[in-house]
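Protein chains in written order, with the working numbering: chain C, 1 to 304; chain V, 1001 to 1304. Idealized CB from N, CA, C, for every residue including glycine. The structure appears below as structure tokens.
There are 2 protein chains.
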Amino acid sequence: MALSLTILGSNSALPTSDRYPTAQILRVSERFFLIDCGEGTQMQLRRNKVNFNKISQIFLSHLHGDHIFGLMGLISTFGLLGRRNALHIHAHEDLKGLLEPHLNYFCTDLPYNIEFHDLTYDEPTIIYEDKKVTVESFPLSHRVPTCGFLFKEKPKQANIRKEAIKKYDLKVREIVAIKAGETFIGEDGNPVPPEELVIPAPKPLSYAFCSDTRYYRRVIPIIKGVDILYHEATFAHELKDLAKRTSHTTAKQAATIARDAEVGQLLLGHFSSRYKDLTPLLKEAKAVFDNAILVRDNEMYVLE
Amino acid sequence: MALSLTILGSNSALPTSDRYPTAQILRVSERFFLIDCGEGTQMQLRRNKVNFNKISQIFLSHLHGDHIFGLMGLISTFGLLGRRNALHIHAHEDLKGLLEPHLNYFCTDLPYNIEFHDLTYDEPTIIYEDKKVTVESFPLSHRVPTCGFLFKEKPKQANIRKEAIKKYDLKVREIVAIKAGETFIGEDGNPVPPEELVIPAPKPLSYAFCSDTRYYRRVIPIIKGVDILYHEATFAHELKDLAKRTSHTTAKQAATIARDAEVGQLLLGHFSSRYKDLTPLLKEAKAVFDNAILVRDNEMYVLE
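Written out as structure tokens, the structure is:
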């Protein structure tokens, strides 16, 4: 699978026994990114058999307890397991000062380093990049400074066709050039059509995470065309005034964002615990944007 | 039921998906006491349908993360649910200073008060008392200051027999006196045998919690004869050197404490996550003290 999202927690501030507070694991291009870290994250990671050592980057959208109270337990457990590689935490600048007294008290002699990276809240910013993936933060609008995150695979190279190597007796430097998109001239002096030489590169995949936020249309150009959008849908639209007052989004509003941003699929989450039955939220979302689903804890959503 | 213990978490420092870090709810004489508060406690309380408002006293044995990392989430959730009644937290004196910056940041405007009560670690001390129950802390021996807790029902009064009220035409003050144990003289001038007047008071029940600690025989006189003893059994006895080094107890040692303290039943918990199969721990414990069981998360142990 090229991209998968495992929901570790999908509830809003008041967790229930089967909907934990916000946390999720995105796997993309063989990287594992932890997004938010609500209470119980480490147990949910175990439940979903995620290898703890694969997690090196944690992205925390904002400093509300239901998005970070699992952090100390996770850090402590990583230490007890003898982790050596650094852990990078991307979060609001206040986090370090809040965490340090607890780290010094509860996690003496951690065998690995924690590196804090302060988020900014003015404009979209690339906060992580490697050979295959970029991660961008972008401002949301909540009661405290809050970021969404956009994960994008970098454009991939086309794969050379084995039969073309034989047919044209391609040298390594020619293969590299063809994969990079250069025109190849055959012995007859004419360009060879690319489709005869290469299997086109798979489309780079992308995922956007928007939680928590009021209905905030400024994200639309930023997340335009992503394959999967996770958007908070704390309330049904009949509670739109409460949503506004608490800086949250209704399911209908989340679907409107998804439609106008022309995303591939909408995952709805961060539900208020008042809803025993979430189908009204799904129904109102699907009326606006059909390819919408309600996430469930411990489910994996895969994009091939 | 007169006394019940619900296990919210029974693992040691590294929780798994089905064994959470230490927390338990003791219900005795209609009081609900929370003992330790590992990560995930609030979700486990919901899973076990415990009414949050019934919890007013929290007893924290020591300040290791696996015994307290659920506290912030619980406090925050109590606030979001509009709790009004004070929450009493009995813990090491350092807790308040550690928690306050987080409370000020994450739990502004809590609608209830938190009262911190500092534990002492020199000798058994009554730390809570009401009409029906006393709670006593007593020193354990671990890597940091640690207390066990002893919960005891106060002696109850006998119940007067309805037929005796009729037969002897008892007045209210006579009933009160008989229930308090005074001798009642019949019309013939002779004392009436108590068994003709009263149904004897049920025996007061008691529960002792011992986690975490090295094998520590000084607790024996303190917990002598309790109905239920929960004792940590982090390791099997073949790892007794590791147990000693880490200030933990083996299952065999826990059973030895139970036998020598002549307790009614031994509940073993706080297992190292190295054990997929805990039957060797049970076997070695039962060889010393037969009425021993391994606790499981989300199980309730009842004493009638």
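- Per DSSP, Ile1175 (chain V) is one residue of the alpha helix (DSSP H) stretching across 1172-1179.
- Residue contact check for Gly1073 (chain V) against chain C: a CB pair falls below 8 Å.
- Scanning V:Pro1221, V:His1090, V:Glu1284 for the CA closest to the CA of Ala1236 (chain V) turns up V:Glu1284.
- Residue environment: Arg83 (chain C) is assigned as buried (16 or more neighbouring CB atoms within 10 Å of its CB, all protein chains considered).
- Within the region 1006-1064 of chain V, the runs of beta strand (DSSP E) that reach at least 3 residues and sit entirely inside it are, in chain order, 1023-1028, 1031-1037, 1055-1059.
- Beyond the five residues adjoining it in sequence on each side, Phe33 (chain C) comes within less than 6 Å, by CB distance, of Leu26, Gln57 in the same chain, given in chain order.
- Apart from the 5 residues on each side of it in sequence, Pro139 (chain C) sits with its Cβ closer than 6 Å to the Cβ of Tyr121 in its chain, given in chain order.
- His1088 (chain V) sits in a strand when the DSSP states are folded into three classes.
- In chain order, Ala1255, Ala1258, Arg1259, Leu1266 place their CB closer than 7 Å to the CB of Phe1289 (chain V), counting only its own chain and leaving out the 5 sequence neighbours on each side.
- At a cut-off of 8 Å between beta-carbon atoms, Met1043 (chain V) makes contact with chain C.
- At a Cβ-Cβ threshold of 8 Å, Phe52 (chain C) and Phe69 (chain C) do not count as neighbours.
- Around the beta carbon of Pro111 (chain C), fewer than 16 other beta carbons sit within 10 angstroms, so the residue counts as exposed.
- Note that the C-beta distance between His248 (chain C) and Thr146 (chain C) is not below 8 Å.
- Around the beta carbon of Leu119 (chain C), 16 or more other beta carbons sit within 10 angstroms, so the residue counts as buried.
- A contact is defined here as three or more CB-CB pairs under 8 Å, and the region 1271-1278 of chain V meets this definition with respect to the region 1004-1013 of chain V.
- For Ala1013 (chain V), the closest Cβ of chain C is nearer than 8 Å.
- A residue is called buried when at least 16 other Cβ atoms come within 10 angstroms of its Cβ; Ala243 (chain C) meets this threshold and is buried.
- Within the region 222-251 of chain C, no residue has its Cβ closer than 9 Å to any Cβ of chain V.
- Within the region 96-124 of chain C, contact with chain V at the beta-carbon level (separation under 7 Å) is assigned to Leu98, Pro101, His102, Tyr105, Phe106.
- In this structure, the alpha-carbon of Val198 (chain C) lies about 46 Å from that of Ser1017 (chain V).
- Here DSSP, grouped into helix, strand and coil, assigns Ser1272 (chain V) to coil.
- The secondary-structure analysis by DSSP pairs Asp1118 (chain V) across a beta bridge with V:Ala1091.
- Burial is judged here by how many other beta carbons sit within 10 angstroms of a residue's own beta carbon; Leu81 (chain C) has fewer than 16 and is exposed.
- Note that the C-beta distance between Ile1185 (chain V) and Pro1194 (chain V) is not below 8 Å.
- By the neighbour-count definition (other C-beta atoms within 10 Å, threshold 16), Thr1279 (chain V) is an exposed residue.
- For Arg143 (chain C), no CB of chain V lies under 8 Å from its own CB, so it is not counted at the interface with that chain.
- Among the CB atoms of chain V, one or more fall inside 8 Å of the CB of Ser76 (chain C).
- For Phe1078 (chain V), the enclosing alpha helix (DSSP H) starts and ends at 1071-1080.
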